[in-house]
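J.: To start, I am sharing the structure in question, which I have written as structure tokens.
There are 2 protein chains.
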Amino acid sequence: MRYHKIPDETVKRLPRYLRAAVLLRRGGKKKLSSSELAEFIGSNSTQIRKDFSYFGSFGTRGVGYDTQKLIKQISKILKLDGQREAILIGVGNLGSAILAYEGFSIYGLLIKAVFDNNLRKIGKKLNGLVIEDIAKLKSIRPKKIKMAILTVPSNQAQHVTDKLVDNNIRGILNFTSCRIEVPRKVKVVSIDIALDMARLPYYMQ
Amino acid sequence: MRYHKIPDETVKRLPRYLRAAVLLRRGGKKKLSSSELAEFIGSNSTQIRKDFSYFGSFGTRGVGYDTQKLIKQISKILKLDGQREAILIGVGNLGSAILAYEGFSIYGLLIKAVFDNNLRKIGKKLNGLVIEDIAKLKSIRPKKIKMAILTVPSNQAQHVTDKLVDNNIRGILNFTSCRIEVPRKVKVVSIDIALDMARLPYYMQ
DNA sequence: GTATGTGAATCTCTTCACAGCA
DNA sequence: TGCTGTGAAGAGATTCACATAC
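Here the protein sequences line up with chains A and B, keeping their order.
Going by the working numbering, the first residue of the first sequence is number 1, and it counts up by one from there.
Going by the working numbering, the first residue of the second sequence is number 206, and it counts up by one from there.
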């Protein structure tokens, strides 16, 4: 394989492939072909093979992919084989829901600490974690946590983001509807619920 | 303007433009240029003008856009000027959080009814709405509600989706991590929290 | 025979460059 | 002069077609 810039769309699809492979593996599948994978996630096999090809060739011609090996390969590409711990900031309705959410585990992602600025919440326990004071954010530094889930009110988004960056956070999953400014070394992925909801009527005509 | 197929990426950006315009209008802006809008949302002015151009031309050369008129135009394109009511199915942690979420209002979207299958929840009140039995879904038909937010556990996703489709739902905001099968006339937009979280480590290297 | 891996062709989207109009 | 609107060029992503390997 020659050098290629990896399409962002490819990176976005990899977690899907990973989840599918894990689920199929759990279901007993030891070998997996690109068409089986495509069928499972509603994609097409050429796309999947092309996506994989950017990172090397990890299948066997005429046979397919070793499911376990594929899981390892994708995990490695996505850097899900290393540091996978995150903190969550903002224990409102959405924050609490995400704390209770079980979908992260399939990727080995784990929320290790929770912060809020509300004195009535600090000290309380939620999903096995004691809610900490956001002023004590630097306690995460020795733990080397690099990811944060941001579920604070919009008007606090930038302020809290700055604090996160100061405390070595390098990736933020942003649930606020604001654009947050970060240094180039920090990556933000945003989920904007209302934004996605707002285009439904367009498609429904 | 000649005929053009509208890029899906354009449609995805329209809600952002709309929100920005509404916020800027609230801030007192009566005229708005594409570069001001671009600055506000972190995009670029050419992109914005091109996006608008697919739907006609609603600015004034040398001047910019009338903010209020722009809001109307985008709302009309997105069909946010008509039926904007939705139901929510599955009052777990995430469902409750979304029910309490205030971000929909800027688009005029409204959750009008909530359903669950848990007998201990049915009849209880949440955010001013009584939780109804999912078996009584057909009560929405006379209300002509066409949108649903799906926050049920994954193993119920397809079953509940089928019921929604039977009851004239034509657009679904899907928070489950499954692919749900629907007839072609029904549109699904999916938000998969773990999927977006799982690619953060990749970008953080 | 069967399924992967990949250049080339195609399709889609973004950016450029500038014409058109207040 | 200033900002919109838009064909044309360029960049990016998908699909095709087939060589390659088991």
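All residues carry an ideal CB built from backbone N, CA and C; glycine is no exception.
Mind reading off the beta-carbon distance from Ala-21 of chain A to Ile-74 of chain A? Whole number of angstroms is fine, and I expect it under 8 Å.
T.: For this step, residue 21 of chain A is matched to residue 21 along the first sequence. For this step, residue 74 of chain A is matched to residue 74 along the first sequence. Yes, they are in contact, since the Cβ atoms of Ala-21 of chain A and Ile-74 of chain A sit about 7 Å apart, within 8 Å.
J.: Taking the CB atoms as reference points, tell me whether Gly-261 of chain B and Arg-289 of chain B lie closer together than 8 Å.
T.: As a working mapping, residue 261 of chain B is identified with position 56 in the second sequence. As a working mapping, residue 289 of chain B is identified with position 84 in the second sequence. No.
J.: Just the C-alpha distance for Arg-404 of chain B and Pro-15 of chain A, rounded to the nearest angstrom, thanks.
T.: What you label residue 404 of chain B is simply residue 199 of the second sequence in a count that begins at 1. What you label residue 15 of chain A is simply residue 15 of the first sequence in a count that begins at 1. Their backbone Cα atoms lie some 7 Å apart in a straight line.
J.: At 3 residues or longer, and completely inside the segment 131-182 of chain A: list those beta strand (DSSP E) runs for me, N to C.
T.: 147-150, 171-174
J.: Taking 8 Å as the CB-CB limit, is Asp-166 of chain A close to chain B?
T.: One-based indexing of the first sequence puts residue 166 of chain A at position 166. Chain B, which has no Cβ nearer than 8 Å to the Cβ of Asp-166 of chain A, makes this no.
J.: With three or more C-beta pairs closer than 8 Å as the rule, is the segment 16-35 of chain A touching the segment 115-122 of chain A?
T.: Output reads no: the segment 16-35 of chain A does not touch the segment 115-122 of chain A.
J.: Taking only three categories from DSSP, how would you classify Leu-80 of chain A?
T.: Here residue 80 of chain A refers to the residue found at position 80 of the first sequence. Note: Leu-80 of chain A maps to coil in three-state DSSP.
J.: Checking 8 Å against the spacing of the C-beta atoms, do Ile-415 of chain B and Thr-356 of chain B come in under that value?
T.: Outside the modelled stretch of chain B, which goes from 206 to 410, sits residue 415 of chain B, for which no answer is possible.
J.: Considering only C-alpha positions, which residue in the set A:Lys-5, A:Ala-194, A:His-4 is nearest to Ala-305 of chain B?
T.: Looking up residue 305 of chain B in the second sequence gives position 100. For the residues A:Lys-5, A:Ala-194, A:His-4, the minimum Cα distance to Ala-305 of chain B belongs to A:Ala-194.
J.: What residues of chain A sit near Val-394 of chain B, judged by a beta carbon separation below 9 Å?
T.: Along the second sequence, one-based indexing puts residue 394 of chain B at 189. Ordered by position in chain A, the residues that pass the 9 Å Cβ test against Val-394 of chain B are Asp-196, Met-197, Arg-199, Leu-200, Tyr-203.
J.: Between the C-alpha atoms of Leu-37 of chain A and Thr-251 of chain B, what's the straight-line distance to the nearest angstrom?
T.: For the purposes of this step, residue 37 of chain A is taken as the residue at position 37 of the first sequence. For the purposes of this step, residue 251 of chain B is taken as the residue at position 46 of the second sequence. One C-alpha to the other measures close to 39 Å.
J.: Give the secondary structure of Gly-95 of chain A by DSSP, where H, G and I count as helix, E and B as strand, and everything else as coil.
T.: Counting from 1 along the first sequence, the entry for residue 95 of chain A is found at position 95. In the structure shown, Gly-95 of chain A sits in a helix (DSSP, three-state: H, G or I).
J.: Taking beta-carbon pairs under 8 Å, can you tell me which members of the segment 71-91 of chain A lie near chain B?
T.: Ile-77, Leu-78, Lys-79, Leu-80, Gly-82, Gln-83, Arg-84, Ala-86
J.: Consider the Cβ of Val-114 of chain A: report whether some Cβ of chain B lies at a distance smaller than 8 Å.
T.: The residue labelled residue 114 of chain A in the question sits at position 114 within the first sequence. Not an interface residue.
J.: Could you tell me which residues DSSP pairs with Thr-215 of chain B in its beta bridges?
T.: In the second sequence, counting from the first residue as 1, residue 215 of chain B sits at position 10. According to DSSP, Thr-215 of chain B bridges with nothing at all.
J.: Check distances from the C-beta atoms of the segment 208-224 of chain B to those of chain A and list, in chain order, the residues that come in under 8 Å.
T.: Val-216, Lys-217, Leu-219, Pro-220, Arg-221, Leu-223, Arg-224
J.: From the DSSP output, read off the bridge partner residues of Ser-395 of chain B.
T.: Position 190 of the second sequence, counted from the start, is the residue given in the question as residue 395 of chain B. Beta-bridge pairing links Ser-395 of chain B to B:Asn-379.
J.: Any beta carbon of chain B sitting closer than 8 Å to that of Tyr-54 of chain A?
T.: For the purposes of this step, residue 54 of chain A is taken as the residue at position 54 of the first sequence. Cβ-Cβ to chain B under 8 Å: no for Tyr-54 of chain A.
J.: Could you tell me which uninterrupted alpha helix (DSSP H) segments, each at least 4 residues in length, are contained entirely in the segment 33-57 of chain A, listed from first to last along the chain?
T.: 34-41, 45-53
J.: What separation, rounded to the nearest whole angstrom, lies between the Cα atoms of Thr-67 of chain A and Glu-9 of chain A?
T.: Counting from 1 along the first sequence, the entry for residue 67 of chain A is found at position 67. Counting from 1 along the first sequence, the entry for residue 9 of chain A is found at position 9. Rounded to whole angstroms, Thr-67 of chain A to Glu-9 of chain A spans 23 Å at the Cα level.
J.: What in chain A is Cβ-close to Tyr-306 of chain B, meaning under 9 Å?
T.: Within the second sequence, the letter at position 101 stands for residue 306 of chain B. Within 9 Å Cβ-Cβ: Asn-93, Leu-94, Ile-193, Ala-194.
J.: Kindly examine the ligand MN and report whether one of its heavy atoms sits closer than 7 Å to the Cβ of Ile-134 of chain A.
T.: With respect to the ligand MN, the structure offers nothing, as it holds no ligand at all.
J.: Report the option in B:Met-409, B:Met-402, B:Ile-354, B:Lys-341 whose CA atom is closest to the CA atom of Ile-385 of chain B.
T.: The count along the second sequence starts at 1 and reaches residue 385 of chain B at position 180. Checking every option, the nearest Cα to that of Ile-385 of chain B belongs to B:Ile-354.
J.: Compare the C-alpha of Ala-362 of chain B against each of B:Gly-295, B:Gln-410, B:Gly-328, B:His-209 and name the closest.
T.: By one-based count along the second sequence, residue 362 of chain B stands at place 157. Comparing Cα positions, the closest option is B:Gly-295.
J.: Suppose contacts are defined by Cβ-Cβ distances below 8 Å. Is Ile-48 of chain A in contact with Tyr-3 of chain A by that definition?
T.: Numbered from 1 along the first sequence, position 48 holds the residue referred to as residue 48 of chain A. Numbered from 1 along the first sequence, position 3 holds the residue referred to as residue 3 of chain A. No, they are not a contact pair.
J.: Going by CA-CA distance only, name the one from A:Leu-80, A:Ala-113, A:Asp-81 that's closest to Gly-95 of chain A.
T.: Your numbering for residue 95 of chain A matches position 95 in the first sequence. Checking every option, the nearest Cα to that of Gly-95 of chain A belongs to A:Ala-113.
J.: Using a Cβ cut-off of 7 Å, pull out every chain B residue sitting near Lys-146 of chain A, in sequence order please.
T.: Taking the first residue of the first sequence as 1, we reach residue 146 of chain A at position 146. Those are Met-409, listed as they occur along chain B.
J.: Please compile the residues from chain B whose C-beta is within a distance smaller than 8 Å of the C-beta of Gly-171 of chain A.
T.: For the purposes of this step, residue 171 of chain A is taken as the residue at position 171 of the first sequence. By Cβ distance, chain B contributes Leu-405, Pro-406, Tyr-408, Met-409.
J.: Within 8 Å (strictly less), CB to CB, does Ala-243 of chain B reach chain A?
T.: Looking up residue 243 of chain B in the second sequence gives position 38. Output row for Ala-243 of chain B: interface = no.
J.: Going straight from the alpha carbon of Leu-23 of chain A to that of Ile-41 of chain A, what length do you get?
T.: Reading the first sequence from its first residue, position 23 is the one you call residue 23 of chain A. Reading the first sequence from its first residue, position 41 is the one you call residue 41 of chain A. The alpha-carbon of Leu-23 of chain A is positioned some 11 Å away from that of Ile-41 of chain A.
J.: Name, please, each residue of chain A whose Cβ falls closer than 8 Å to the Cβ of Leu-314 of chain B.
T.: On the second sequence, position 109 is the one that residue 314 of chain B refers to. Annotation: Cβ neighbours of Leu-314 of chain B in chain A (cutoff 8 Å, chain order): Ala-194, Met-197, Ala-198.
J.: Which of helix, strand or coil does DSSP assign to Val-268 of chain B?
T.: For the purposes of this step, residue 268 of chain B is identified with residue 63 of the second sequence, where counting begins at 1. The answer is coil: DSSP assigns Val-268 of chain B none of H, G, I, E or B.
J.: Using a Cβ-Cβ distance under 8 Å, would Ser-177 of chain A count as near chain B?
T.: Along the first sequence, read from residue 1 onward, the residue named residue 177 of chain A stands at position 177. For Ser-177 of chain A, the answer is yes, since a Cβ of chain B falls inside 8 Å of its Cβ.
J.: Counting only beta-carbon atoms, is Ala-97 of chain A nearer than 8 Å to chain B?
T.: Your numbering for residue 97 of chain A matches position 97 in the first sequence. Yes, because at least one Cβ of chain B sits closer than 8 Å to the Cβ of Ala-97 of chain A.
J.: Taking 8 Å as the CB-CB limit, is Ile-131 of chain A close to chain B?
T.: Reading the first sequence from its first residue, position 131 is the one you call residue 131 of chain A. Ile-131 of chain A does not count as touching chain B.
J.: Would DSSP call Ala-305 of chain B helix, strand or coil?
T.: Taking the first residue of the second sequence as position 1, residue 305 of chain B is located at position 100. Helix at Ala-305 of chain B.
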